[in-house]
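Quick notes on the structure that follows.
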Amino acid sequence: MRIGFFDSGIGGISVLNEAIKHFPKEDFLYYADTRNVPYGTKTKEEVNKHVQTAVEDILKQEVKALVIACNTATSISINELRSTYDIPIIGMEPAAKPAIELSSSMDKRVFVFATDLTLKELKYRKLITRIDKDLIVDPMPLPELVEFCEDLNFNWDELSTYFKSKLQRFDLNQYGTVVLGCTHFPYYKPILKDLLPSHIQLIDGSKGTVERLSSLLEEKNLLSNDGTNDISFQCSNQDKNYITKMRNALGILQNTLGETENN
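Sequential numbering of the sequence shown, starting at 47, is according to our numbering.
What follows is the structure, given as structure tokens:
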């Protein structure tokens with residue numbers, strides 16, 4: 047049986063990429079809700095309806111665990127999904143806690159880059175209220191970045207202009223970490239590393255999510271020994287061109303993030 051990954055679009059492939067490295071003997075199903083992408087600009091009720099429908103489609107197939115590889119969908123739907131289905135369901139959370147700990151040790155502030163909806167959700171606000179005791183976290187909604195990513199737009203000049211316009215009013219020397227609180231955003235690690243001061247570290251939730259997935263699979267004796275890292279891509283509107291885009295996006299991540307991590 048396969049491990050399922052779900053997102054509204056190609057963002058969750060950043061989490062899938064981490065899982066591929068972690069689980070060499072597992073097979074994967076990646077499902078994008080292309081009928082309704084992007085989620086970050088929709089209402090909470092709309093997103094929950096779309097997530098529930100998509101997960102029903104995914105779980106009709108042979109899936110032993112499901113990763114909701116979307117911060118927005120996690121914040122809105124994860125509790126309902128877990129109460130409805132009896133397989134392990136793992137969600138995303140902005141990796142704010144390690145970012146706060148690291149920035150605090152440097153006497154610096156924290157940026158959280160995310161979608162508008164994630165930043166407005168009660169789940170996020172409760173998390174930050176609980177862990178940001180020194181009030182050093184600054185949210186930064188970047189909804190346009192999801193659309194850039196869905197278009198596979200990695201034009202260096204255009205993205206540089208975009209990020210500079212968003213960050214121009216901040217003294218970046220005051221910041222120690224940037225949380226990439228949307229699974230679309232790790233695609234832009236190379237350009238962010240180039241633009242931000244060298245002391246700023248980029249943190250996302252992919253590794254923590256995959257580690258949590260691994261511990262649950264081990265706990266429930268669901269780890270595979272005979273998979274081949276086979277990856278099946280599907281999307282809700284059956285668009286063959288989008289399936290090609292997803293394969294291309296995985297290749298982009300494997301190339302660009304591999305280079306970034308090695309530098």
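In this text, a Cβ means the ideal position worked out from N, Cα and C, and glycines have one as well.
Would you mind working out which of the options sits nearest residue i, comparing C-alpha positions?
i, options, result
"Gly227", "His245, Met186, Asp180, Gln247", "Met186"
"Asp276", "Asn63, Thr161, Ile177", "Asn63"
"Asn287", "Glu108, Val97, Thr80", "Thr80"
"Pro140", "Ala111, Ile177, Ser150, Ile104", "Ile177"
"Pro84", "Glu204, Asp285, Pro189", "Pro189"
"Lys169", "Ser129, Ile122, Arg215", "Ile122"
"Leu105", "Gln220, Leu75, Glu91, Val61", "Leu75"
"Ile59", "Met47, Asp73, Ala78", "Ala78"
"Thr302", "Gln247, Gly222, Phe200, Asp285", "Phe200"
"Val97", "Glu108, Thr120, Arg293, Gln107", "Thr120"
"Met47", "Ile133, Lys90, Val93", "Ile133"
"Ser282", "Phe51, Asn82, Asn125", "Asn82"
"Leu268", "Val109, Glu92, Tyr131, Thr99", "Val109"
"Val93", "Ser270, Ser278, Ile124", "Ile124"
"Phe159", "Ser129, Trp202, Ile249", "Ile249"
"Gln247", "Ser278, Cys195, Glu147", "Glu147"
Where does residue i land, buried or exposed, given buried means 16+ other C-beta within 10 angstroms?
i, result
"Asn308", "The predicted model places Asn308 with a pLDDT of 47, which falls under 50 and marks its position as unreliable; any figure quoted below should be read in that light. Exposed: under 16 other Cβ atoms inside 10 Å."
"Gly297", "exposed"
"Gln280", "buried"
"Ile56", "buried"
"Thr118", "buried"
"Asp53", "buried"
"Glu167", "buried"
"Asn294", "exposed"
"Glu102", "exposed"
"Ser149", "buried"
"Val192", "buried"
"Thr161", "buried"
"Lys179", "exposed"
"Lys88", "buried"
"Glu264", "exposed"
"Glu204", "exposed"
Please state whether the Cβ-Cβ distance between residue i and residue j is less than 8 Å.
i, j, result
"Leu127", "Ile135", "yes"
"Gly86", "Leu163", "yes"
"Ile182", "Val156", "yes"
"Ala111", "Ile66", "no"
"Lys71", "Asp272", "yes"
"Pro33", "Leu218", "Shown here, the chain extends from 47 to 309; a query on residue 33 therefore has no answer."
"Lys291", "Leu213", "no"
"Lys143", "Gln220", "no"
"Met152", "Gly222", "yes"
"Val61", "Ala115", "yes"
"Phe216", "Leu238", "no"
"Ser211", "Leu241", "no"
"Phe69", "Val113", "no"
Could you tell me which residues DSSP pairs with residue i in its beta bridges?
i, result
"Arg48", "Val109"
"Pro187", "Ala160"
"Tyr76", "Phe51, Phe279"
"Thr223", "Val156, Gln247"
"Ile321", "Because the chain is modelled from 47 through 309, residue 321 falls outside the range shown and cannot be assessed."
At least 3 beta-carbon pairs within less than 8 Å: the segment 230-242 vs the segment 253-260: no
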